[in-house]
Amino acid sequence: MRVGFVGLGIMGKPMARNLLRAGYAVTVHNRSRPSVEELVAVGAADGGSPRGVAERSEVVITMLPDTPDVEQVTFGPDGLAEGLRPGSVLVDMSTISPAATRSIAARLAQRGVDMLDAPVSGGQRGAEEGTLSIMVGGDPQVFQRVRPIFEVLGKNVVHIGPVGSGQVCKACNQVVVALTIQAVAEALVLAERSGADPARVRRALLGGFAGSRILEVHGQRMLDGNHQPGFRARLHHKDLRIALETARSAGVPLLGTALVHELLGALVARGWGDLDHSALVRLVADLAGAGSGALSP
Ligand code: NAP
């Protein structure tokens, strides 16, 4: 199966590399050149444009920042839609709006092209190690066709339901992650400002009911003051916007999500949008007037 890949950033580049390692013929495209050249050096073909990628592929994967990027790459000039043949499949693994996903899928269906939404969780490390969690929406038969590709990229591959439901699942994921990061940030700043060593507090909490992957990984990042992405705060801000829009149309009030959405917006407004989302701790520490220590802004 010939695979195309558009969007070679923190996530897309290692994912495309894993497909090459697994023996797939992969044609790539990205807005900036360096990541294209890196992948061509390890065996990828350069598609030159989204259309060029689509013309050479039976399955095209997109891994782009936001909804307008996926719409532009798919339907813009020299877009995927101009090159995708009937029977081919677009697999969007970006995190975008479920409603927009359904409408992109409907437009592609008119051309005989199938679409799966297959957003992921597991971060840069999961992308590099091929251990992502992949949440898939779309036709079950199309899912089965593409499944071998998903199994190269991830370990936990779950078909959620019809097209768009992968993105709904991802919105749920991002709610849990954002609120947990905020909780970990508040706990560690509380510890520090109350005279308890936050590193020891983290260690104690990890063995009890408050233990989580986020306390483990992002708690350590917070202690180290290491906010290199990882996952950019601006992208998580976008994800909570999607969760809130989705919740609004379902009539579900998401109070905690709305709060952390605003805090991520404040992080972006301070010029920290390209820091890792664990940098939420900087705001919590700043609000506490913390003047020293690893948790300070
Ligand atoms: P990223 O590092 O910003 O990468 C996005 C890539 O898309 C960049 O290489 C960018 O090119 C390229 N791009 C943007 N617009 C384009 C266009 N019109 N045509 C071609 N290429 C274009 O983002 P990321 O962290 O990989 O995230 C990608 C998606 O995965 C997002 O939806 C994000 O929410 C989701 N996600 C990320 C993580 C994570 O931990 N990072 C985890 C799960 C899900 P340039 O090189 O020119 O910028």
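In this note's numbering, the protein residues as written are 34 to 330.
Backbone N, C-alpha and C define an ideal beta-carbon position, used for all residues, glycine too.
Quick caveat, the model's predicted, so the values are computed rather than measured.
So does Met-44 have its beta carbon nearer than 7 Å to some heavy atom of ligand 1?
On the sequence shown, residue 44 is found 11 positions in, with the first residue counted as 1. Yes; taking the cut-off as 7 Å, the Cβ of Met-44 has a heavy atom of ligand 1 nearer than that.
Would Met-34 be called buried (16 or more neighbouring beta carbons within 10 Å of its own) or exposed?
Start at 1 with the first residue of the sequence shown, and residue 34 comes out as number 1. Exposed: under 16 other Cβ atoms inside 10 Å.
Continuous beta strand (DSSP E) assignments of at least 3 residues falling wholly in the stretch 110 to 136
122 to 125
Is any non-hydrogen atom of ligand 1 found closer than 7 Å to the C-beta of Leu-268, if you look at the structure I gave you?
Locating residue 268 in the sequence shown gives position 235, where the first residue counts as 1. Yes.
Which class does Phe-183 belong to by DSSP, given the choice of helix, strand or coil?
Counted from its first residue, the sequence shown places residue 183 at position 150. In this structure, Phe-183 counts as helix in the three-state DSSP scheme.
Report yes if the CB atom of Met-255 is closer than 8 Å to the CB atom of Ala-160, and no otherwise.
As a position in the sequence shown, residue 255 is number 222, starting the count at 1. As a position in the sequence shown, residue 160 is number 127, starting the count at 1. The answer is no: Cβ separation not under 8 Å.
How about Met-126 and Val-153: do their beta carbons lie closer than 8 Å?
Position 93 of the sequence shown, counted from the start, is the residue given in the question as residue 126. Position 120 of the sequence shown, counted from the start, is the residue given in the question as residue 153. Yes, they are a contact pair.
Considering only the beta carbon of each residue, do Gly-37 and Leu-97 sit closer than 8 Å?
For this step, residue 37 is matched to residue 4 along the sequence shown. For this step, residue 97 is matched to residue 64 along the sequence shown. No, the pair does not count as a contact, with Cβ atoms beyond the cut-off.
Extent of the continuous beta strand (DSSP E) run through Ala-58:
Reading the sequence shown from its first residue, position 25 is the one you call residue 58. Per DSSP, Ala-58 belongs to the beta strand (DSSP E) from 58 to 62.
So which of Val-250, Asp-147, Trp-305 has the shortest CA-CA distance to Leu-268?
To locate residue 268, count along the sequence shown from 1; it is residue 235. When each option's Cα is compared against that of Leu-268, the closest is Trp-305.
Give me, in chain order, the residues of the same chain whose beta-carbon lies closer than 7 Å to that of Ala-232; leave out the 5 immediate sequence neighbours on both sides.
Numbered from 1 along the sequence shown, position 199 holds the residue referred to as residue 232. Contacts found: Leu-256.
Measure the CB-CB distance between Gln-200 and Ser-130 and report whether it falls below 8 Å.
Start at 1 with the first residue of the sequence shown, and residue 200 comes out as number 167. Start at 1 with the first residue of the sequence shown, and residue 130 comes out as number 97. Contact: yes.
Close-in-space but distant-in-sequence residues of the same chain around Val-208 (CB under 6 Å, 5 per side omitted):
Against the sequence shown, residue 208 aligns to sequence position 175. Contacts found: Ala-276, Thr-290.
Can the beta-carbon of Arg-66 be found closer than 8 Å to that of Ala-78?
Taking the first residue of the sequence shown as position 1, residue 66 is located at position 33. Taking the first residue of the sequence shown as position 1, residue 78 is located at position 45. Cβ distance not < 8 Å, so Arg-66 and Ala-78 don't count as in contact.
Same chain, Cβ closer than 8 Å to Gly-81, five either side skipped, listed in chain order:
Along the sequence shown, read from residue 1 onward, the residue named residue 81 stands at position 48. Only His-62 meet the Cβ criterion.
CA-to-CA distance, Ile-247 to Val-175, given in whole angstroms:
In the sequence shown, the residue the question calls residue 175 occupies position 142. In the sequence shown, the residue the question calls residue 247 occupies position 214. Computed Cα separation, rounded: 33 Å.
Going along the chain, which residues of its own chain have a beta-carbon closer than 6 Å to the beta-carbon of Glu-91, five neighbours each way excluded?
Stepping through the sequence shown from its first residue, residue 91 is reached at position 58. If we look at Glu-91 and ignore the five residues flanking it on each side, its Cβ neighbours are Met-34, Arg-35, Ser-121.
Considering only C-alpha positions, which residue in the set Ala-243, Leu-288, Asp-307, Val-59 is nearest to Ala-220?
In the sequence shown, residue 220 corresponds to position 187, counting from 1. That would be Ala-243, whose Cα lies nearest to the Cα of Ala-220.
DSSP state of Phe-176 mapped onto helix, strand, coil:
As a working note, residue 176 is residue 143 in the sequence shown. Phe-176 falls in the helix class under three-state DSSP.
Pull up the DSSP beta-bridge partners for Val-334, would you.
What is shown of the chain runs 34 to 330, which leaves residue 334 out entirely.
Should Lys-203 be flagged as near chain C, meaning a C-beta pair shorter than 8 Å?
Looking for chain C here will not work: only one protein chain is present.
Any heavy atom of ligand 1 closer than 7 Å to the CB of Gly-156?
As a working note, residue 156 is residue 123 in the sequence shown. Yes.
Do Thr-164 and Lys-203 come within 8 Å of each other at the CB atom, strictly closer than that value?
In the sequence shown, residue 203 corresponds to position 170, counting from 1. In the sequence shown, residue 164 corresponds to position 131, counting from 1. It is not a contact, given that the beta carbons lie outside the stated cut-off.
Have a look at Ala-114 and Val-146 and give me their C-alpha separation to the nearest angstrom.
As a working mapping, residue 114 is identified with position 81 in the sequence shown. As a working mapping, residue 146 is identified with position 113 in the sequence shown. So the alpha carbons of these two residues sit roughly 9 Å apart.
For Met-148, list the residues DSSP reports as bridge partners.
Here residue 148 corresponds to residue number 115 of the sequence shown, with the count starting at 1. Its beta-bridge partners are Leu-123.
Rounded separation between Ser-325 and Gly-228 - CA only:
One-based indexing of the sequence shown puts residue 325 at position 292. One-based indexing of the sequence shown puts residue 228 at position 195. Interpretation of Ser-325 is limited by its pLDDT of 40, a score under 50 that renders its predicted location unreliable; the figure taken from the coordinates is listed afterwards. Distance between the alpha carbons of Ser-325 and Gly-228 is about 12 Å.
Can you tell me whether DSSP reads Ser-311 as helix, strand or coil?
Numbered from 1 along the sequence shown, position 278 holds the residue referred to as residue 311. Here Ser-311 sits in helix by DSSP.
Boundaries of the alpha helix (DSSP H) in which Val-106 is found, first to last residue:
On the sequence shown, position 73 is the one that residue 106 refers to. Note, Val-106: alpha helix (DSSP H), 100 to 108.
Hey, would you say Val-196 sits closer than 8 Å to Gly-170, going by beta carbons?
Within the sequence shown, numbered from 1, the residue matching residue 196 stands at position 163. Within the sequence shown, numbered from 1, the residue matching residue 170 stands at position 137. Yes. Within cutoff.
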